[in-house]
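I have placed the structure first, in the form of structure tokens, so that the comments after it can refer back to it.
Residue numbers (my numbering), protein chains in the order written: chain A, 103 to 455; chain V, 75 to 408.
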């Protein structure tokens, strides 16, 4: 134990005998605190998503999802609630509640249901056991068209990412491998609009989408997002590093420009395409404001829109909302687990998200 | 089936498609030459870009000078600067409630305080985290990932996570209850809700800025620190004289990026508070959204005018960023 603690807390590279400086303490308090604050809320939400509606309304809440135990007792139609009851002689018995009058409960022993035992309600506690309410996950498929939202989100994410990759890589190819008039102008326009956020153009963009007949259509969600300046920028920077000699050699061999793009440049750009694909998936999966504006029919909602609409209703069915939130988190958590090192180094290098 | 066999199976139809596309494109190449092909490659991106980014940018000005509730430009009447005049008509310019569009000025005020507090606190937290991550740590990449995790979460999920924690039966009340406090409905209190929107958006975004600052810290030459150690310089002095000056360009980029993002705050706040209670967390983007689309008394022209004013602020910040970015040769975007 001591050795493990020394291993975890050791200051790498520092001379072993120097002991603890106050900055080491600050460092570890900050890191452990960060760990709890950054992951804790999502973990808490995930635990909560397995609770029954009754358990969700409890205060103080329990960490793990509990349900109260019930038992069917001979002579009674409905299952009865089980309690640990303290007997006058000091012993504890498991009893089932028949009915309650004031502060006295009439209870029976499930094994000997003939005799009614009267117990003060302060002398008993419900019998509880850990149980995962998986129906929170299965019922939204029936109640909320959840599968449809899931499908809409997957469709938007996949199609938008594919179009982004094709369209952006073609533009980046033209901007990095051809000399033509207006090239710098095109690059300048792309860079200048890097900062045009949706909130500035949403009113006119909406009218354009309506004019094109794409209101209440998933294409209206997809198309405005696909020509990302960021994507063109990353891909172009990467393609500039591909030697022009390769392309000249291919032209000597009578390759068409399209073949050069498709067979030579694209395969060599694979690492940058992968980065853009990851970013695009996360962006499109998480998009909220624009789908909220374009989609007004329930069957077209994406997960994000559906979640926000249902969580804003008067009687929020939290047990469903929490489970749907967890499902919405899954792809992003997968990206995080498998690709975080890739992304964090990529972002640190370019400063983009 | 092996992996390569699987991927070649997957690629066969794609390759076939590309071969079909190739024939007409060869003819195009013969007709227009290399420069024509450049235009061909550029066209799809620029077309989409033109229709969905440049065109809206231009007609937004037209929109802001028209009135009525219709969305099609042809059905809207020209009103000149009336929408702007409406936004700026106030009895007393120091009191937002005396303005005709009091919601707009409330949103401007809220956004101002939000930006000021969120950006300064977040940069401070990111800087401290980056400094700590820059030490000789065991498993640094793990700790770096810890702070980055919320950045990937969708704003809707972020809003719901915190709504769940801050509600009456939530985790925060549970923790405080352990110390003997009574449960409190945080999201019905104006001040606490405002503070919550700041805290939540710091939680959600600080990982990104921490990463950029950490990259900046790691680019500072090690021998400077070694020289300082040999001279017996105190750590505080090392920080003020070496770390901070050399980090300054990165810090500036990060501040401007954070400002640009904070001005547009919407998603997570909208889900967390819906702008309430009252108008205490009504920010500019939500005002534009509600004026343009959501409210019964929708007025797209007014929303366009407000969005142009917001755009002007962003243009100033972007120019600042381009200037700063050029000087530090850093590439920040989106």
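Glycine is no exception: its CB is placed at the ideal position from the N, C-alpha and C atoms.
### Contacts that residue 322 (chain V) makes with chain A (C-beta to C-beta distance below 8 Å)
Simply none; closest approach about 15 Å.
### Task
Could you run through the region 345-365 of chain V and flag, in chain order, every residue whose CB is less than 8 Å away from some CB of chain A?
Answer in chain order: 345, 348, 358, 359, 362, 363.
### Query
For residue 120 (chain V), does the count of other Cβ atoms within 10 angstroms reach 16, so buried, or fall short, so exposed?
Buried, because 16 or more other Cβ atoms sit within 10 Å of the Cβ of residue 120 (chain V).
### Query
In terms of residue numbering, what span does the beta strand (DSSP E) encompassing residue 186 (chain A) cover?
Taken as a continuous stretch (DSSP letters only), the beta strand (DSSP E) holding residue 186 (chain A) covers 182-188.
#### Entry: Pairwise C-alpha distance: residue 354 (chain A) and residue 363 (chain A)
Their backbone Cα atoms lie some 15 Å apart in a straight line.
### Query
Whole-angstrom Cβ separation of residue 360 (chain A) and residue 96 (chain V), contact assumed at under 8 Å?
Yes, residue 360 (chain A) and residue 96 (chain V) are in contact; Cβ-Cβ is about 5 Å, under 8 Å.
### Query
For residue 280 (chain A) and chain V, any beta-carbon pair shorter than 9 Å?
Interface residue, yes.
### Task
Pull up the DSSP beta-bridge partners for residue 152 (chain V), would you.
Residue 152 (chain V) is bridged to V:140.
### Amino acids of chain V, ordered along the chain, whose beta-carbon sits closer than 7 Å to that of residue 414 (chain A)
The answer, in chain order, is 348.
### Task
For the alpha helix (DSSP H) containing residue 172 (chain V), list its first residue and its last residue.
Premise fails: residue 172 (chain V) is in no alpha helix (DSSP H) and is neither H nor E.
### Message
In this structure, how does DSSP classify residue 303 (chain V) when only helix, strand and coil are distinguished?
### Response
The answer is helix: DSSP assigns residue 303 (chain V) an H, G or I state.
### Task
Alpha carbon to alpha carbon, how far is residue 389 (chain A) from residue 317 (chain A)? Give it in angstroms, no decimals.
The straight-line gap separating the alpha-carbon atoms of residue 317 (chain A) and residue 389 (chain A) is approximately 17 Å.
### Query
What do you reckon, are the CB atoms on residue 232 (chain V) and residue 346 (chain V) nearer than 9 Å?
Contact: yes.
### Query
Where does residue 354 (chain A) fall in DSSP's three states?
DSSP places residue 354 (chain A) in helix when its eight states are reduced to three.
#### Entry: Straight-line gap, residue 283 (chain V) to residue 295 (chain V) (C-alpha atoms, nearest Å)
Cα-Cα distance, rounded: 21 Å.
### Query
What are the boundary residues of the beta strand (DSSP E) that residue 208 (chain A) is part of?
Where residue 208 (chain A) is concerned, the enclosing beta strand (DSSP E) starts and stops at 206-211.
### Query
In terms of DSSP beta bridges, what is residue 168 (chain A) paired with?
In the DSSP output, where bridge partners are listed per residue, residue 168 (chain A) has A:232.
### Task
Anything in the region 180-191 of chain A with a Cβ closer than 8 Å to a Cβ of chain V? List those residues in chain order, please.
If the cut-off is 8 Å between Cβ atoms, the region 180-191 of chain A has nothing near chain V.
### Task
From the DSSP output, in three-state form, read off residue 129 (chain V) for me.
Correct three-state label for residue 129 (chain V): helix.
### Query
Along chain A, in chain order, which residues have C-beta atoms closer than 7 Å to that of residue 112 (chain V)?
Neighbours of residue 112 (chain V) in chain A, taken as residues at a C-beta separation under 7 Å, are given in chain order as 276, 280, 282.
### Query
Nearest to residue 110 (chain V) by alpha carbon, out of A:365, A:358, A:392?
Selection A:365, A:358, A:392 evaluated against residue 110 (chain V) yields A:358 as nearest (Cα-Cα).
### Query
Which residue comes first and which comes last in the beta strand (DSSP E) that contains residue 308 (chain V)?
Taken as a continuous stretch (DSSP letters only), residue 308 (chain V) belongs to no beta strand (DSSP E), as it is neither H nor E.
### Query
Taking the C-alpha atoms as reference points, what is the distance between residue 400 (chain A) and residue 166 (chain V)?
Residue 400 (chain A) and residue 166 (chain V): Cα-Cα distance of roughly 44 Å.
#### Entry: Rounded separation between residue 374 (chain A) and residue 340 (chain A) - CA only
So the two alpha carbons sit approximately 7 Å from each other.
### Message
At the level of alpha carbons, what is the spacing between residue 352 (chain A) and residue 369 (chain A)?
### Response
Answer to the nearest angstrom: the Cα atoms are 14 Å apart.
### Task
Would you list, in sequence order, the uninterrupted alpha helix (DSSP H) runs of no fewer than 4 residues that lie entirely inside the region 234-321 of chain V?
Complete alpha helix (DSSP H) runs here, min 4: 245-252, 264-292, 296-304, 309-312.
### Task
For chain A, find out if any of its Cβ atoms is closer than 9 Å to the Cβ of residue 297 (chain V); answer yes or no.
With 9 Å as the cut-off, residue 297 (chain V) does not count as an interface residue toward chain A.
### Task
Pick helix, strand or coil for residue 216 (chain V), following the three-state DSSP scheme.
Here residue 216 (chain V) sits in helix by DSSP.
### Query
Which residues share a DSSP beta bridge with residue 160 (chain V)?
DSSP lists no partner for residue 160 (chain V).
### Message
Does the CB of residue 203 (chain V) have a neighbour CB from chain A at under 9 Å?
### Response
Closer than 9 Å to some Cβ of chain A, the Cβ of residue 203 (chain V) qualifies, so yes.
### Query
Hey, residue 378 (chain V) and residue 363 (chain V): beta-carbon distance below 9 Å or not?
Their beta carbons are not under 9 Å apart, which means residue 378 (chain V) does not touch residue 363 (chain V) by this criterion.
### Query
Along chain V, in chain order, which residues have C-beta atoms closer than 7 Å to that of residue 442 (chain A)?
In chain order: 219, 222.
### Message
Could you tell me the alpha carbon to alpha carbon distance between residue 264 (chain A) and residue 312 (chain V), rounded to whole angstroms?
### Response
For residue 264 (chain A) and residue 312 (chain V), the distance between alpha carbons rounds to 49 Å.
### Query
Which stretch, first to last residue, makes up the alpha helix (DSSP H) that contains residue 219 (chain A)?
Boundaries around residue 219 (chain A) are those of the beta strand (DSSP E), 214-222, since no alpha helix (DSSP H) includes it.
### Query
Looking at C-beta atoms only, is the number of pairs between the region 309-329 of chain V and the region 209-228 of chain V that lie closer than 8 Å three or more?
No: fewer than three Cβ pairs fall under 8 Å.
#### Entry: Cβ shell of residue 330 (chain A) (< 7 Å), same chain only, five flanking positions each side left out
266, 270, listed in sequence order.
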